[in-house]
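Undergrad:
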């Protein structure tokens with residue numbers, strides 16, 4: 045008798061560690077808990093709740109085939125219908141074809157159309173997520189809890205860093221870049237390409253948290269990319285107009301922190317125009333989170349996050365902006381720009397200090 049009790053306790057411990065002993069607060073009728081849905085993921089055949097508990101969905105995951113268990117109570121993942129990125133399919137199919145792993149938050153509503161030959165929907169399956177919260181399987185999918193495979197590449201880069209000069213009486217020079225299309229194009233770290241008689245001062249520096257760019261392409265997944273740019277035009281006729289532009293690119297659903305500090309000096313007072321730090325992250329192909337606030341930005345469109353305009357003199361102007369451009373489904377740009385013209389002076393100066401790093 046003692047041996048039978050010990051054996052029973054051992055079975056309970058084993059099954060409990062596998063996630064079978066789960067007490068859900070409420071299970072729909074008809075419906076099941078996650079321990080009653082059996083799937084194949086990461087090469088293992090186990091119930092859905094056990095897969096969640098053991099971290100099978102905590103990183104990029106793949107599946108193949110279906111559960112081979114003989115199921116008495118419950119269903120296989122093939123018999124549970126879910127909505128993944130607007131497409132209705134079985135839960136196991138969504139694991140196998142990679143769509144579940146790529147289901148961004150907000151992309152998978154509780155809409156299943158005409159269901160034929162399937163036993164349950166994602167609304168009828170209750171799970172406990174990795175944070176201990178109880179919710180339906182469909183709500184977890186729509187909440188992005190299986191989103192571990194963002195589309196395309198990840199990381200971020202400094203796409204462009206350059207300056208331009210002009211005056212009221214001379215057509216603008218072309219933009220001159222230190223970095224263009226992710227590549228360092230001026231190894232002198234100065235990007236000077238103006239004739240000597242423009243009387244211009246320039247300081248453009250770029251570095252990473254590990255020193256100079258390594259390699260020439262600036263793309264990274266973890267380094268801080270820093271820039272500091274000063275553009276000054278003096279003693280060259282009325283209305284000097286120095287400009288600076290910095291563009292960062294963010295890939296996939298990478299979360300980044302961007303420091304934006306812009307100054308200008310047209311009247312002898314060097315003052316801040318924009319000074320802030322923001323966290324950016326893609327949530328969907330047309331949704332980008334800024335400081336936790338999800339913005340809707342159509343593809344090929346932009347949204348100004350912060351702008352400033354000023355008048356350094358009676359007939360001058362200055363403007364600066366921090367802008368997000370939704371370039372494509374798998375990347376967006378963050379642009380910082382500043383320019384100033386003082387028509388009552390022959391000297392003007394703008395400055396940007398900024399960085400991008402993983403959030």
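Numbering (my numbering), first residue to last: 45 to 403.
C-beta atoms are modelled at their ideal positions from N, C-alpha and C, and glycine is treated no differently.
(1) Taking the continuous alpha helix (DSSP H) assigned at residue 135, which residues delimit it?
(2) Where does the unbroken alpha helix (DSSP H) through residue 372 begin, and where does it stop?
(3) Contact between the stretch 180-192 and the stretch 90-107: three or more CB pairs below 8 Å?
(4) How long is the line joining the alpha carbons of residue 332 and residue 117, rounded to whole angstroms?
(5) Does DSSP put residue 397 in a helix, a strand or coil?
(6) Does DSSP classify residue 65 as helix, strand or coil?
(7) Can the beta-carbon of residue 140 be found less than 8 Å from the beta-carbon of residue 108?
(8) Exposed or buried, residue 284, counting other C-beta atoms within 10 Å across all chains shown (16 or more means buried)?
(9) Using C-beta distances below 6 Å, list every residue in its chain close to residue 348, excluding the 5 sequence neighbours before and after it, in chain order.
(10) Report the partner residues of residue 293 according to the DSSP bridge assignment.
(11) Quick check on DSSP: helix, strand or coil for residue 384?
(12) Which same chain residues end up closer than 6 Å to residue 343 when comparing Cβ atoms and leaving out the 5 residues on each side of it in sequence?
(13) Note down the Cα distance separating residue 146 from residue 374, rounded to an integer number of angstroms.
(14) For the 8 Å Cβ check, are there 3 or more pairs between the stretch 323-339 and the stretch 350-359?
(15) Between 112, 176 and 137, which has its C-alpha nearest residue 93's C-alpha?
(16) For residue 127, write down the residues that DSSP places opposite it in a beta bridge.
(17) Tell me the rounded alpha-carbon separation between residue 295 and residue 201.
(18) CB-CB under 8 Å to residue 239, same chain, minus the five flanking residues each way: which ones, in chain order?
(19) Considering Cα atoms alone, identify which of 267, 323, 392 and 362 is closest to residue 378.
(20) Run the CB neighbour count on residue 225, radius 10 Å, all protein chains shown included, and call it buried at 16 or more, exposed below.
(21) Consult DSSP for residue 102 and reduce its assignment to one of helix, strand or coil.
(22) Could you tell me if residue 74 is buried or exposed, where buried requires 16 or more neighbouring beta carbons within 10 angstroms of its beta carbon?
(23) Does DSSP put residue 269 in a helix, a strand or coil?
(24) In the DSSP assignment, find the unbroken beta strand (DSSP E) run with residue 347 in it and report its ends.
(25) Starting from residue 221, follow the beta strand (DSSP E) in both directions and report where the run begins and ends.
(26) Taking the alpha-carbon positions, what's the residue 372 to residue 250 distance?
(27) Can you list, in chain order, the residues of its chain with a C-beta nearer than 6 Å to that of residue 397? Leave out the 5 residues immediately preceding and following it.
(28) Looking at the secondary structure, which residues open and close the beta strand (DSSP E) in which residue 90 lies?
(29) I need the straight-line Cα distance from residue 71 to residue 167, nearest angstrom please.
(30) Can you tell me whether residue 173 is helix, strand or coil according to DSSP?
(31) Over what stretch of residues does the alpha helix (DSSP H) that includes residue 184 continue unbroken?
(32) Once DSSP output is grouped into helix, strand and coil, what is the label at residue 254?
(33) Could you tell me whether the Cβ atoms of residue 184 and residue 171 are closer together than 8 Å?
(34) If you compare alpha carbons, which of 350, 276 and 298 is closest to residue 198?
(35) Mapping the DSSP letters down to three states, classify residue 150 as helix, strand or coil.
TA: On the basis of the supplied data:
(1) For the purposes of this step, residue 135 is taken as the residue at position 91 of the chain shown. Element bounds for residue 135: 135-140.
(2) Residue 372 sits at position 328 when you count from the first residue of the chain shown. Residue 372 -> not in any alpha helix (DSSP H); beta strand (DSSP E) instead, spanning 361-372.
(3) yes
(4) Taking the first residue of the chain shown as 1, we reach residue 332 at position 288. Taking the first residue of the chain shown as 1, we reach residue 117 at position 73. Roughly 42 Å separates the two Cα atoms.
(5) Along the chain shown, one-based indexing puts residue 397 at 353. Residue state, collapsed to three classes: strand.
(6) Within the chain shown, numbered from 1, the residue matching residue 65 stands at position 21. Residue placement at residue 65 cannot be trusted, given a pLDDT of 44 that sits under 50; the coordinates are not used to answer.
(7) Translated into positions along the chain shown, residue 140 becomes position 96. Translated into positions along the chain shown, residue 108 becomes position 64. Going by C-beta atoms, residue 140 is nearer than 8 Å to residue 108.
(8) By one-based count along the chain shown, residue 284 stands at place 240. Answer is buried; the Cβ neighbour count reaches 16.
(9) Within the chain shown, numbered from 1, the residue matching residue 348 stands at position 304. Correct list, in chain order: 365 and 367.
(10) Counting from 1 along the chain shown, the entry for residue 293 is found at position 249. Answer by DSSP bridge pairing, in chain order: 201 and 377.
(11) As a working mapping, residue 384 is identified with position 340 in the chain shown. Residue 384: strand per DSSP, three-state reduction.
(12) Translated into positions along the chain shown, residue 343 becomes position 299. Correct list, in chain order: 370.
(13) Numbered from its first residue, the chain shown carries residue 146 at position 102. Numbered from its first residue, the chain shown carries residue 374 at position 330. Looking at the two C-alpha atoms, the distance is approximately 12 Å.
(14) no
(15) Stepping through the chain shown from its first residue, residue 93 is reached at position 49. Per the Cα distances, 176.
(16) In the chain shown, counting from the first residue as 1, residue 127 sits at position 83. According to DSSP, residue 127 bridges with 132.
(17) To locate residue 295, count along the chain shown from 1; it is residue 251. To locate residue 201, count along the chain shown from 1; it is residue 157. One C-alpha to the other measures close to 9 Å.
(18) As a working mapping, residue 239 is identified with position 195 in the chain shown. Note on residue 239: pLDDT 45, under 50, position unreliable in the model; no value is reported.
(19) The residue you call residue 378 lines up with position 334 of the chain shown. Residue 323 is the option with its Cα nearest to residue 378.
(20) Position 181 of the chain shown holds residue 225. The residue in question, residue 225, is exposed, as its Cβ has fewer than 16 Cβ neighbours within 10 Å.
(21) The residue you call residue 102 lines up with position 58 of the chain shown. Looking at residue 102 - three-state DSSP - the assignment turns out to be coil, as it is neither helix nor strand.
(22) One-based indexing of the chain shown puts residue 74 at position 30. By the neighbour-count rule (16 or more Cβ atoms within 10 Å), residue 74 is not buried but exposed.
(23) Stepping through the chain shown from its first residue, residue 269 is reached at position 225. Strand, per DSSP.
(24) Taking the first residue of the chain shown as position 1, residue 347 is located at position 303. Segment 345-354, the beta strand (DSSP E) holding residue 347.
(25) In the chain shown, residue 221 corresponds to position 177, counting from 1. Where residue 221 is concerned, the enclosing beta strand (DSSP E) stretches over 220-224.
(26) Against the chain shown, residue 372 aligns to sequence position 328. Against the chain shown, residue 250 aligns to sequence position 206. Going by the C-alpha atoms only, they are around 26 Å apart.
(27) Counted from its first residue, the chain shown places residue 397 at position 353. Here the set comprises 272 and 305.
(28) Translated into the one-based positions of the chain shown, residue 90 becomes position 46. Element bounds for residue 90: 88-91.
(29) Position 27 of the chain shown holds residue 71. Position 123 of the chain shown holds residue 167. Spanning the two alpha carbons is a distance of roughly 10 Å.
(30) Your numbering for residue 173 matches position 129 in the chain shown. If DSSP states are grouped into helix, strand and coil, residue 173 belongs with coil.
(31) The count along the chain shown starts at 1 and reaches residue 184 at position 140. Element bounds for residue 184: 181-186.
(32) The residue labelled residue 254 in the question sits at position 210 within the chain shown. Reduced to three states, the DSSP call for residue 254 is coil.
(33) Here residue 184 refers to the residue found at position 140 of the chain shown. Here residue 171 refers to the residue found at position 127 of the chain shown. Yes.
(34) Along the chain shown, one-based indexing puts residue 198 at 154. Of the candidates 350, 276 and 298, the one whose C-alpha sits nearest the C-alpha of residue 198 is 298.
(35) If you number the chain shown from 1, residue 150 lands on position 106. Coil at residue 150, not helix or strand.
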